[in-house]
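A.B. asks: Questions regarding the structure given below will be posed in turn.
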Amino acid sequence: MIALEHVAVEYLPGKEILTDVSLELKRGSFHFLAGPSGVGKSTLLALLSLQHRASRGRVHMFGEDATNLPRNELPRLRRRIGMVRQDYRLLDHLTVAGNVALPLKVAGESPEEIDGKVKELLAWIGLGDYGDTMPAALSGGQKQRAAIARAVIANPDVLLADEPTGNLDSELSLRFMYLFEALNQGGTTVVSATHDEQMISLFNYPVLRLKEGKLAQL
Ligand SMILES: Nc1ncnc2c1ncn2[C@@H]1O[C@H](COP(=O)(O)OP(=O)(O)OP(=O)(O)O)[C@@H](O)[C@H]1O
Ligand SMILES: [Mg+2]
634 MIALEHVAVE YLPGKEILTD VSLELKRGSF HFLAGPSGVG KSTLLALLSL
684 QHRASRGRVH MFGEDATNLP RNELPRLRRR IGMVRQDYRL LDHLTVAGNV
734 ALPLKVAGES PEEIDGKVKE LLAWIGLGDY GDTMPAALSG GQKQRAAIAR
784 AVIANPDVLL ADEPTGNLDS ELSLRFMYLF EALNQGGTTV VSATHDEQMI
834 SLFNYPVLRL KEGKLAQL
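Numbering of the sequence shown is given in my numbering, commencing with residue 634 and proceeding in unit increments.
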C-alpha cells in the first residue's frame, strides 16, 4: 500500500531531519509511530501524506511511484488519505460541520447524505451541538475531535494521525482508539504518532520508532 525506500527529508538544504527511512505499510496494517519530541514523527507523516517531498529515496503509494509526481497529480492520491494534523488545521472560515463535511464534498456525495453522516459522527464524538460553531470558538480537545472526524468521515484507505489523542482525556482517547480500530478492521491502513507509551502498551500494534533520522530496528 505504502513503501518508502531509503528516504531522506530536509526542510533546509543540507540539514536532514530523516536520513534513511525505509518501511512498508501493508494494506490493513496498524502501526504506532513513536520517538522523542523533535525526532521527525510529524515530518514522516507529512511525507506519507504527500505534503512534503523526499530529498532522496523513493516513495510508493497505492501501486504508483509517487516520488516525483507533479503537483497536480497529488490531490488524486491525497483524497485516499485521512490526516489528523498535530495542529488540527481546521479551516477557520467554515463551521465545524463544514470542516467535517469536506472530504465527502470532494468525493461528490449528495448534500442529504453528507448532512446525515456529519450529524451522526458529530453526535458520536460529543460535538452534536457544535455543528454550526466556528473552529475558533472550540477548546483544544474539541478541535482535535473535529479534526479526527474530518479525517475519518470518508473512510480513507489510509489514516495518518499525529498525536490524535494528545488533547483528550483518557476516556475519550480510548473511544477514538476504538474508532481507529474499527476503521482498521474495515480495511483502513493506520499510522498513529504518539508520545503515549501507556496507549502503545495497551494496544498490541507494532511500533515504528524513530531515532536519529532512522527507524530503529525492532
Ligand atoms: N517547516 C519546518 N522548517 C524547518 N524545520 C522544521 C520544520 N518543521 C519541522 N522542522 C524540524 O524538523 C525536526 C522534526 O520535527 P517534527 O515536527 O517532525 O518532530 P516530531 O517528532 O513530530 O516532534 P513532536 O513530538 O514534538 O511533535 C525538528 O527539529 C523541527 O525543528
Ligand atoms: Mg510532531
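All C-beta atoms, glycine included, are put in the ideal place defined by N, C-alpha and C.
(1) Once you ignore the five residues that flank R842 on each side, which residues in its own chain have a CB closer than 7 Å to its CB?
(2) Can you give me the C-alpha to C-alpha distance between L658 and M634, rounded to a whole angstrom?
(3) With distances taken Cα to Cα, identify the nearest neighbour of S688 among D653, G715, D720 and R722.
(4) Please name the residue, chosen from D795, G820 and L816, that lies closest to H828 on a Cα-to-Cα basis.
(5) Taking DSSP as the reference, what is the three-state secondary structure of M634?
(6) Give, in chain order, every unbroken run of the beta strand (DSSP E) that is at least 3 residues long and sits entirely within the segment 649-737.
(7) Would you grab the beta carbon distance between L760 and A779 for me? Rounded to a whole angstrom, and I think it's under 8 Å.
(8) In terms of residue numbering, what span does the alpha helix (DSSP H) encompassing A780 cover?
(9) Is the beta carbon of K847 within less than 8 Å of some heavy atom of ligand 1?
(10) Where does E796 fall in DSSP's three states?
(11) Rounded to a whole number of angstroms, what is the C-alpha to C-alpha distance between E742 and A730?
(12) Is there at least one non-hydrogen atom of ligand 2 closer than 8 Å to the beta-carbon of D795?
(13) Check whether the Cβ atoms of A740 and A787 sit closer than 9 Å, and answer yes or no.
(14) From Y721 to A826, what distance separates their C-alpha atoms?
(15) Do S655 and ligand 4 come close, with the Cβ less than 8 Å from some heavy atom?
(16) Are there any heavy atoms of ligand 2 lying less than 8 Å away from the beta-carbon of F825, as far as the coordinates show?
(17) Relative to the alpha-carbon of I758, which residue among L807, M832, I714 and D790 has its alpha-carbon at the smallest distance?
(18) What first and last residue would you give for the beta strand (DSSP E) that runs through S743?
(19) Out of V785, I747 and Q684, which one is the CA nearest neighbour of N705?
(20) So, is P646 buried or exposed, given that buried needs 16 or more other C-beta atoms within 10 angstroms?
(21) So, for G764: in the same chain, excluding its five sequence neighbours on each side, which residues have a beta-carbon less than 6 Å away from its beta-carbon?
(22) Quick check on the DSSP output: the beta strand (DSSP E) that includes A769 runs from which residue to which?
(23) Using CA coordinates, which residue listed in A734, V733, L680 and N732 is at the minimum distance from L710?
C.D. replies: According to the structure shown:
(1) A667, G668, L848 and A849
(2) 6 Å
(3) D653
(4) D795
(5) coil
(6) 663-667, 689-694 and 714-717
(7) 6 Å
(8) G773 to V785
(9) no
(10) coil
(11) 15 Å
(12) yes
(13) yes
(14) 14 Å
(15) Ligands in the displayed structure: ligand 1 and ligand 2; ligand 4 is not one of them.
(16) The residue asked about is misnamed: residue 825 is Ser in this sequence, not Phe. Checking every heavy atom of ligand 2 against the Cβ of S825, none is found closer than 8 Å.
(17) L807
(18) Segment: none, S743 is in no beta strand (DSSP E) and carries neither H nor E.
(19) Q684
(20) exposed
(21) V729, A730 and L755
(22) No beta strand (DSSP E) holds A769; DSSP gives it neither H nor E.
(23) L680
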